[in-house]
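Each number in the working numbering corresponds to the 1-based position in the sequence shown with 25 added.
Virtual Cβ for every residue (Gly too), placed ideally from N, Cα, C.
Data first, discussion second: the structure below is written as structure tokens.
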Amino acid sequence: MARKNLDQPVSSPKNTLIKFNEQIASKYRAGLSIRFLDDYLQNNTVPNSIKQFYVLNKTQQVARSDFEYLLKLDTTKDINWFFKTIIDSRDIIDFKFSTVVKTKDSITFSVKNRTGAPIPIPIYGTKKGEIVFKQWLDIQESDSTYTIPRNTIDKIILNLKNEVPEYNLRNNWKKIEGFFPNNRPVKFVFMKDLEDPYYNQVLYVPSIYYNLYDGVTPGIRLHNKTILEKPFMFDVNPSYSTKSKNLSGSAIFVVNQNFRNSTLYNARYSISGSYFHYAEDAAYLRLNPSLQLRIREPNFRDNRKQLFSFRQVIVNKEKSALVIDNSPENYSVFDARYINTKTEVTNHFNFMTDLQISGKFGKITGEIEYRKLFENNRQINLRFYAGTFLYNKTQSDFFSFALDRPTDYLFDYNYFGRSESTGLFSQQYIVAEGGFKSKIATPFANRWITSLNASYSIWNWIEAYGDIGLIKNADTKGRFVYDSGIRLNLVTGYFELYFPIYSNNGWEIAQDNYNEKIRFIVTFSPKTLINLFNRKWF
């Protein structure tokens, strides 16, 4: 949990712990902490103190201070650090070797205490994987220097057996022999795995992607995302487009920075890129450097989260003879976004505001989502969206507000056929911008837009939906738009069907080619589908 910056002190009252810490993490952390102290004190000091504490509890009301007194009575070592740092704080522990000087018969090394926690740490000397010696180091300063006999060892290792609950075990190694003093061999691992500090892990997994223009796109995903989060992560996914007969794919590189004692608890710096086709005869390249700042409430049990996101989306498109929408081939958009969300079992609230600035347009939008689950298992969903252009010098609707199908000029959405205006793939529905399901005669707004989307459970996964809105284009009056119908909410966000009934177009259910009016949400991405079964405990 420390890697997620969600750990809490062992001594925290139960009613302040988040669910995962209450039921799992804090219990294990307490047990590991006792084991750590026992390993450090030796001589059965901890087991004996536990027995004495148990006997004392039979005759009087005991407290934590009694156990602390019994421990100190049975050892000459200073253990104030154990209660102050290990039990009562969420200070992280991280040691590393800073310098190593070797002579024929000795090794002089410096250990850097990266977080300043006054914790003892064990050092091991090994030879061909066998432990030659173990010694506890009482490190009180940020840098401490020690000299030990060489003893034919080939490695020195801090915290080899993970006795100390350390934040990062990957920087605890120094190789005495050989040209590379700190080499950890690269290890390729299939699928996701536990972190192995003995190796530089590269995880690989086959991937498959599909869109209408690239066709079935198999690839291989290479990344270092183990179960524990890392300060630096990469995810590279080269693939082959079977339809266009060329290479495609995506990549992202991320640096995570946690702030331990601040409501601003995480900064995420990243750069990502992707290369796919947006039409049968044209591809696009997108680069996206970004910064995300995440804020939480001081009370970890509060589910409210806030996010500030800043990014520059750079798009380079090949010219297409098949897609004629007067859209620019190369453009760059600065996007600043603020999100405030709170999710509970029966209530969900989300507020988002977004500012986009480019050479030819500037726009600002706001969105509010609310979901309420009633005791009779009925559910109401409300979404309000509003946006206006600050300036608009464009000559097409490529950057305009969309009523039912965004153009996705930032390439954020997983369209199967993003340039299609007819056919099955044009019926794919994305919950964004106007959020309408019916295709109204005026699908874009180049001045401003407001819309309200609502749905309510009728029975089980069958819902009634309705949308209303106002749109304004240059040199025309504002227009009132509306639609309504039935939503089959089979798996929210993964598989949904929308059947229009009545809108500005009239009684759509009685019109010809009704099957062309049905909208759908379908997810084929294995990564997204896995998230459906990966519901978090925190």
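**Message:** Considering just the uninterrupted stretch of the beta strand (DSSP E) at Leu211, what are its terminal residues?
**Reply:** It is worth fixing the name first, because residue 211 is Val in this sequence and not Leu. Val211 -> beta strand (DSSP E) spans 211-215.
**Prompt:** Given a threshold of 16 other Cβ atoms within 10 Å of its Cβ, counted over all protein chains shown, does Gln282 qualify as buried or as exposed?
**Reply:** exposed
**Asked** How do the region 418-436 and the region 465-484 stand: do at least 3 beta-carbon pairs fall below 8 Å, yes or no?
**Response** yes
**Prompt:** Taking Cβ positions, are Arg326 and Thr100 nearer each other than 8 Å?
**Reply:** no
**Request:** State the Cα-Cα distance for the pair Tyr490 and Leu398, rounded to the nearest angstrom.
**Result:** 16 Å
**Message:** Would Phe441 and Asn236 qualify as a contact pair, given that the criterion is a beta-carbon distance under 8 Å?
**Reply:** yes
**Prompt:** Rounded to a whole number of angstroms, what is the C-alpha to C-alpha distance between Phe500 and Lys418?
**Reply:** The sequence given here places Asp at residue 500; Phe does not occur at that position. Looking at the two C-alpha atoms, the distance is approximately 14 Å.
**Asked** Could you give the distance in angstroms between the alpha-carbon of Thr432 and the alpha-carbon of Leu347?
**Response** 16 Å
**Request:** With DSSP as the reference, please indicate the residues paired to Ser275 in a beta bridge.
**Result:** Asn262, Ser299
**Request:** Give me the Cα-Cα distance between Phe597 and Ile364, rounded to the nearest whole angstrom.
**Result:** Residue 597 is absent from the model: the chain starts at 26 and stops at 563.
**Length at least 3, wholly inside the region 334-376: the beta strand (DSSP E) runs in chain order** = 355-368
**Item:** Spatial distance of Lys561 from Phe45 (CA atoms)
**Value:** Because the pLDDT of Lys561 is 43, which lies under 50, any placement of that residue in the model is unreliable, and the number read from its coordinates should be weighed accordingly. Roughly 9 Å separates the two Cα atoms.
**Request:** Report yes if the CB atom of Tyr523 is closer than 8 Å to the CB atom of Gly510, and no otherwise.
**Result:** yes
**Prompt:** DSSP on Tyr94, reduced to helix/strand/coil?
**Reply:** helix
**Request:** Report the residue from Val126, Gln160, Phe545, Gly503 whose alpha carbon sits nearest the alpha carbon of Ala461.
**Result:** Here residue 461 turns out to be Phe, not Ala, going by the sequence shown. Ranking Val126, Gln160, Phe545, Gly503 by Cα distance to Phe461 puts Phe545 first.
**Request:** Give a yes or no on whether 8 Å exceeds the smallest Cβ distance from Val280 to chain B.
**Result:** Given the protein chain composition of this structure (a single chain), no chain B is represented.
**Request:** For the beta strand (DSSP E) holding Asn514, just list the boundary residues, first then last.
**Result:** 504-516
**Pro525 - partner residues in DSSP beta bridges** = Gly510
**Proximal residues to Ile320 (C-beta, below 8 Å), its chain only, five neighbours per side dropped** = Thr288, Leu289, Tyr290, Lys330, Gln331, Leu332, Phe333
**Item:** Pro34 versus Asn187: straight-line alpha-carbon distance, rounded
**Value:** 19 Å
**Prompt:** Under the rule that 16 or more other beta-carbon atoms within 10 Å means buried, what is Tyr416, buried or exposed?
**Reply:** exposed
**Asked** What is the residue span of the beta strand (DSSP E) that Val185 lies within?
**Response** The identity of residue 185 in the sequence shown is Leu, whereas the question assumes Val. Looking at the DSSP string, Leu185 is not in any beta strand (DSSP E), and its letter there is neither H nor E.
**Message:** Please classify Phe301 as buried or exposed, where buried requires at least 16 other C-beta atoms within 10 Å of its C-beta.
**Reply:** buried
**Request:** Using DSSP bridges, identify the partner residues of Val456.
**Result:** In the DSSP output, where bridge partners are listed per residue, Val456 has none listed.
**Item:** CB-CB length for Phe257 against Glu191, believed under 8 Å
**Value:** Between Glu191 and Phe257 the Cβ distance is about 18 Å, and since that is not below 8 Å, they are no contact.
**Request:** Report the partner residues of Gln381 according to the DSSP bridge assignment.
**Result:** Asp360, Lys388
**Prompt:** Going by the beta-carbon positions, is the gap between Tyr238 and Glu305 smaller than 8 Å?
**Reply:** yes
**Request:** State the Cα-Cα distance for the pair Ser273 and Tyr265, rounded to the nearest angstrom.
**Result:** 6 Å
**Message:** According to DSSP, is Asp63 part of a helix, a strand, or is it coil?
**Reply:** helix
**Asked** Can you give the beta carbon distance from Leu312 to Ile339, rounded, assuming they're within the 8 Å contact cut?
**Response** 4 Å
**Request:** Can you have a look at Ala535 and say buried or exposed, based on whether 16 or more other CB atoms are within 10 angstroms of its CB?
**Result:** exposed
**Message:** From the DSSP secondary-structure annotation, give me the bridge partner or partners of Asn471.
**Reply:** Asn471 pairs with nothing; no bridge assigned.
**Prompt:** In three-state DSSP terms, what is Arg285?
**Reply:** coil
**Request:** Would you check if the distance between the CB atom of Phe107 and the CB atom of Leu62 is smaller than 8 Å?
**Result:** yes
**Same chain, Cβ closer than 7 Å to Phe563, neighbours up to 5 away in sequence not counted** = Legend: pLDDT at Phe563 = 39, less than 50; position of this residue unreliable, no value from coordinates given.
**Message:** Please state the DSSP three-state secondary structure of Val35.
**Reply:** coil
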